[in-house]
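Data first, discussion second: the structure below is written as structure tokens.
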Amino acid sequence: MGLKIVVGGDNAGFNYKEALKADLEADERVDEVIDVGVTGTDDDTYYPNVATAAGEKVSGGEADRALLICGTGLGVAISANKVKGIRAVTAHDIYSVQRSVLSNNAQVLCMGERVVGLELARTLVKEWVGLEFDPNSSSAAKVDAICAYEGD
Ligand SMILES: O=C(CO)[C@H](O)COP(=O)(O)O
């Protein structure tokens, strides 16, 4: 079965969110893309509202992952990480994107439209979709320690 992925961001990330959403919708590894906004560059909804809504969809099981875009990718990550059970990272290079899943089992990838070029962002998302955490890897106990701190 394919992935269900939430996409979202603020108006500073709207153009990338739309481009990356189109890529995900065309990706046969993805079953469903759920857009939680914003709806345009004139939509001033704050990034924390979008990012926490996206995180709640993942933590609640409605989606497997989320892709969040703001100006820097920082605010959406900070916000999504406030949702219990969410591990959100900001990553703009291939190694960090790979390790975000393979080491950290992060469900949320955040990027900044003002930081990374669009073609690199598209390549990173394409790579990200194919990654899978190995619960038998040596990283698993470290992720368990994060969950334990959070009270799981
Ligand atoms: O990048 C952002 C938050 O990390 C956001 O897109 C812009 O935030 P602002 O600099 O506070 O307007």
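Using the numbering used here, the first residue of the sequence shown is number 226, and each one after it goes up by one.
Note that beta-carbon positions come from the ideal geometry of N, C-alpha and C, so glycine has one too.
Taking a contact to mean a Cβ-Cβ separation below 9 Å, would you say residue i touches residue j in this structure?
| i | j | result |
| --- | --- | --- |
| M336 | I294 | yes |
| L228 | V350 | no |
| G286 | V275 | no |
| L343 | V322 | no |
| N236 | D260 | no |
| G238 | E338 | yes |
| V308 | S284 | yes |
| V341 | V255 | no |
| V301 | G234 | yes |
| L292 | L334 | yes |
| D289 | Q332 | yes |
Buried or exposed: residue i, going by 16 or more other Cβ atoms within 10 Å of its Cβ?
| i | result |
| --- | --- |
| Y241 | buried |
| I230 | buried |
| I311 | buried |
| G298 | buried |
| N361 | exposed |
| G279 | The sequence shown places Ala at residue 279, rather than the Gly named in the question. Buried, because 16 or more other Cβ atoms sit within 10 Å of the Cβ of A279. |
| Y272 | buried |
| A370 | exposed |
| E281 | buried |
For the alpha helix (DSSP H) containing residue i, list its first residue and its last residue.
| i | result |
| --- | --- |
| I303 | L299 to A305 |
| V261 | V261 -> no alpha helix (DSSP H), and no H or E assigned at all. |
| V368 | A365 to E375 |
| V350 | L343 to V354 |
| V308 | Taken as a continuous stretch (DSSP letters only), V308 belongs to no alpha helix (DSSP H), as it is neither H nor E. |
| R324 | I319 to L327 |
| Y240 | Inspection of the sequence shows that residue 240 is occupied by Asn rather than by Tyr. From DSSP, the alpha helix (DSSP H) with N240 extends over F239 to E250. |
Specify, as a first and last residue, the run of the beta strand (DSSP E) that residue i falls within.
| i | result |
| --- | --- |
| K229 | L228 to G234 |
| V275 | Counting along the chain, V275 falls outside any beta strand (DSSP E), though it belongs to the alpha helix (DSSP H) covering Y272 to S284. |
| V333 | V333 to G337 |
| R290 | R290 to C295 |
| V314 | A313 to T315 |
Just to check my reading of the structure: residue i and residue j have Cβ atoms closer than 8 Å, yes? What is that Cβ distance to the nearest angstrom?
| i | j | result |
| --- | --- | --- |
| A305 | T277 | 7 Å |
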